[in-house]
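Working notes, structure below.
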Amino acid sequence: MACIKEEKPRESVAVPPGDTGLRLDVFLARETEFSRAALARLCAEGRVTLAGHPAGKNYRVSAGERFDLDIPPPVPAEAEPQDIPLTVVYEDGDLLILDKPRGLVVHPAAGHRDGTLVNALLYHRGDELSGVGGVARPGIVHRLDKDTSGLIAVAKNDFAHRGLAAQLADHEMARVYEALVEGRLRQSEGTVDRPVGRDPKNRKRMAVVSVGGKPAVTHYAALADLPGATHVECRLETGRTHQIRAHMRWLGHPLLGDKLYGGPDRWRLGGQCLHAKQLALTHPRTGERLTFTAERPPYFEELLARLNENG
């Protein structure tokens, strides 16, 4: 297991030819997840630099320039404990493995200040959780999107948190998902090895990009061909934000129900059909390799049945 390096969060953004002349805050708002107001604050604090020198928000960018953002640690809001049921798959003194239901947000954020997995964890295990993630994300080692169901690992102390974080960084934590995607795959199995970054046309969405993305690898295999859809298994080699959703869209097969990546939800699912069914990791204290499995949720089974009836 690799040693853990303490690093400040940084982001580096290059200016493409078409953005020459834009104000710096306008350009960065297009390329990052930050608002113009937040970027203006970063500029005022000298945290946005060009060739090592602070850049003001009104600076006009030129093609080829690369700006570095020194992102300070968040000052999280104090989350309130809430009695939200948890489905515990495994628990010991170091780890908590949960089966997250669809529709549950993992941690508080804009628009979801409460009713999250973090609020539930604070209620049920508040005195036992790791503090590495900060107040807003106690014990959370990795995350799942709101409408993605399935397995998620929680650290109950700092030792476990650091160990699991190192496994994530070294790709030692194995994660397997099931999904239903639009159409029939051209190849029954394959690998998407394409960088993923912020979609320049939609800041809320990630995409396969040629500049500024992070390496992302998804292995996929068709489990069954269905009328108008394919039942797919995806194995993550990396864990970028929305990685499966972005890679399947790039293949031309967005997830059923995924309005952000696939257009109208003609299946009336209210969110992407994606389930984290298997999680394998090395116990940070004992060194034992552990594998956990979560059954598909009812909505997934019902949709499978509907599709098979149409066959």
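Mind the numbering: the sequence shown is residues 5 to 315 in the working numbering, read in order.
Note that beta-carbon positions come from the ideal geometry of N, C-alpha and C, so glycine has one too.
Asked: Which of helix, strand or coil DSSP assigns to K208; Found: strand
Asked: Rounded separation between K104 and R34 - CA only; Found: 32 Å
Asked: Proximity test, P302 beta-carbon vs the ligand MG heavy atom, cut-off 8 Å; Found: With respect to the ligand MG, the structure shown offers nothing to examine, as it has no ligands at all.
Asked: Alpha-carbon to alpha-carbon, R51 and D72; Found: 8 Å
Asked: Any 3 or more C-beta pairs closer than 8 Å across the region 52-61 and the region 81-95; Found: no
Asked: Per-residue DSSP class, three states only, for C277; Found: coil
Asked: Beta-carbon contacts of R209 that lie in its chain and below 6 Å, excluding the five residues immediately before and after; Found: D203 and L264
Asked: Sub-9 Å separation of L1 and L230 beta-carbons; Found: The structure shown has nothing for residue 1, since the chain only spans 5 to 315.
Asked: Burial state of K218 (16 or more Cβ within 10 Å); Found: exposed
Asked: Reduced DSSP secondary structure (H/G/I, E/B, other) of V122; Found: helix
Asked: Rounded straight-line distance, which links the Cα of L168 to that of L285; Found: 8 Å
Asked: Rounded separation between Y303 and T24 - CA only; Found: 48 Å
Asked: Y94 - containing beta strand (DSSP E), residue span; Found: V92 to E95
Asked: For P4, the residue or residues it bridges with in DSSP; Found: This structure gives no information on residue 4, because the portion of the chain shown stretches from 5 to 315.
Asked: Element boundaries [alpha helix (DSSP H), containing F163]; Found: D162 to A173
Asked: Check whether R14 and D74 have beta carbons under 9 Å apart; Found: yes
Asked: Beta-carbon gap between G243 and S16 smaller than 9 Å; Found: no
Asked: Cut-off 6 Å between Cβ atoms - residues of its own chain near Y63, not counting five sequence neighbours on either side; Found: L28
Asked: Burial state of A41 (16 or more Cβ within 10 Å); Found: exposed
Asked: Member of N314, F296 and R310 whose CA lies at the smallest distance from the CA of R179; Found: F296
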